[in-house]
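Colleague: Structure provided below as structure tokens; questions to follow.
Residue numbers (the numbering used here): -11 to 464.
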């Protein structure tokens, strides 16, 4: 029906400028729209509250709440047949038993809601619940006797009161680390608690123990701590079994003797089991995937249930092929390698009669080193892996002598020095003068007599050496 303030009892508060609805003013209806405002004395007042017991047991099947509503008081809509309710984004508190005993199937508490009272939504049929991020506490019996199988608690929740979710058929619960307290029988439900899984973040809140009105009932609920905190939980936590371990399963792919599962505490490591065996097969390692492409790391902590897969390779006899001759040079490094070396498991290669300075790599069959003596040797290589006949290869190994290099001797060339006599510029020659000045000294000619005499002496010496050499040559 359309909103008409005359259909309702109401009051206004001049000091706050708000109005409160107290119920019907006259005839009742099963579907109502409560007015957003009340006009009184020429002034408009927004409706912000529904008074206690205002529409209790009124036979309502549908209601539209005012768009500025803030609070719903005790028993405000208790005992009706409402199947849904749309709470405005302005609601901050839902009072005790406000919607108790209706037929609600889903409920969204807007983020403006900071509190829900005792039994406020008890005895409905809620299967889907969204809690307000503004909630810090859930009062006793607030959502008891509904049909919830799971619920997500906002990060601000610190307190969950006793019986608050009693009677719901929960299958899983996720308790955030911000929750500090969970009251007695908070999640009690005798018919379903044996299968209840409770995932606990952090070190866990204060709870009532299982044998004394346990927070998760008296059945077989299982507590699953976070991996990094698993070691802080015992096998039992407040009387409830803990799933602090993880299971590592070994899949042998139909080979060998089955290996028992490992169950380490979460976030700890395990040792690899002994290598399995199977007659005509060789074990090749443990892998993370069924396709055997990622080798399993046993040094990594186990954080979840894991299956590791055994790799296998069929046993095959060794094969060894290659050139039947090998050439080396004495004093020089060299290498000879086989063309193929196969088998499962991988064979080991030996060689007999190797010359000094050479050795064989048992894994690859390579012959390498620096031989010391020239010569030809017959060498037999043998590949073995303990399965099937050995493989052999006969090799003629020749070590050639190192090449001899003749040194080249050179005679140094003798060069005869060339002596030159300095020329005198005629223009610089002085005119003739008296041969004597009367003092017994020769007159100056413009030449350095000492230098000229030295040059002339050197020339005679060279000419004398040349004559002596010719004389020796003839006598020889």
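The beta carbon of each residue, even a glycine, is placed where N, CA and C say it ideally should be.
By how many angstroms is the C-alpha of residue 378 removed from the C-alpha of residue 187?
Modeller: Cα-Cα distance, rounded: 60 Å.
Colleague: I'd like to confirm the pairing. Which residues does DSSP put opposite residue 213 in its beta bridges?
Modeller: Residue 213 is bridged to 188.
Colleague: Based on Cα-Cα distance, which residue from 166, 142, 127 lies nearest to residue 154?
Modeller: It is 127 whose Cα lies nearest to the Cα of residue 154.
Colleague: At the level of alpha carbons, what is the spacing between residue 167 and residue 113?
Modeller: Whole-angstrom Cα-Cα distance: 26 Å.
Colleague: Decide if residue 351 is buried, meaning its Cβ has at least 16 other Cβ atoms within 10 Å, or exposed.
Modeller: With fewer than 16 Cβ atoms within 10 Å of its Cβ, residue 351 is classed as exposed.
Colleague: Between 25, 254, 240, which lies nearest to residue 248 when the distance is taken from Cα to Cα?
Modeller: Checking every option, the nearest Cα to that of residue 248 belongs to 240.
Colleague: Please report how far the alpha carbon of residue -1 lies from the alpha carbon of residue 174, in whole angstroms.
Modeller: Going from the Cα of residue -1 to the Cα of residue 174 covers about 38 Å.
Colleague: So, with DSSP's three-state summary, where would you put residue 19?
Modeller: Strand, per DSSP.
Colleague: With a threshold of 8 Å, are at least 3 pairs of Cβ atoms found where one atom belongs to the segment 191 to 209 and the other to the segment 218 to 226?
Modeller: Touching, per the Cβ criterion.
Colleague: Relative to the C-alpha of residue 344, which residue among 332, 202, 321 is closest?
Modeller: It is 321.
Colleague: Going by beta-carbon coordinates alone, are residue 385 and residue 308 separated by less than 9 Å?
Modeller: Cβ distance not < 9 Å, so residue 385 and residue 308 don't count as in contact.
Colleague: For a cutoff of 9 Å on Cβ pairs, would you count residue 275 as touching chain B?
Modeller: Among the chains of the structure shown, chain B does not appear; only one protein chain is present.
Colleague: Excluding the five sequence neighbours on either side, which residues of its own chain have a C-beta within less than 8 Å of the C-beta of residue 70, listed in chain order?
Modeller: Excluding residues within five positions, the ones whose Cβ falls inside 8 Å are 48, 49, 50, 51, 87, 90, 91, 92.
Colleague: What residue from 305, 282, 276 has the CA that sits closest to residue 502's CA?
Modeller: Since the first residue of the chain shown is -11 and the last is 464, residue 502 is not available in this structure.
Colleague: Taking its Cβ as the centre, do 16 or more other Cβ atoms sit within 10 Å of residue 259, making it buried, or is it exposed?
Modeller: It is exposed - the Cβ of residue 259 has fewer than 16 other Cβ atoms within 10 Å.
Colleague: By DSSP, does residue 469 sit in helix, in strand, or in coil?
Modeller: One cannot answer for residue 469 here, as it falls past the ends of the chain, which runs -11 to 464.
Colleague: Would residue 466 be called buried (16 or more neighbouring beta carbons within 10 Å of its own) or exposed?
Modeller: Nothing about residue 466 can be read from this structure; the chain reaches only from -11 to 464.
Colleague: Quick check on residue 218: does DSSP put it in helix, strand or coil?
Modeller: The answer is helix: DSSP assigns residue 218 an H, G or I state.
Colleague: Under 8 Å: do the segment 309 to 320 and the segment 331 to 339 share three or more Cβ pairs, one atom per stretch?
Modeller: These segments do not touch.
Colleague: Mind checking who residue 337 pairs with in its DSSP beta bridge?
Modeller: In the DSSP output, where bridge partners are listed per residue, residue 337 has 371.
Colleague: Determine the direct distance from the alpha carbon of residue 117 to that of residue 25, and round the result to whole angstroms.
Modeller: Using only the alpha carbons, I get a separation of about 30 Å.
Colleague: Let's test the definition: count the other Cβ atoms within 10 Å of the Cβ of residue 431 and tell me whether it reaches 16, buried, or not, exposed.
Modeller: Residue placement at residue 431 is flagged as unreliable, the pLDDT there being 46, under the threshold of 50; a coordinate-derived value is accordingly withheld.
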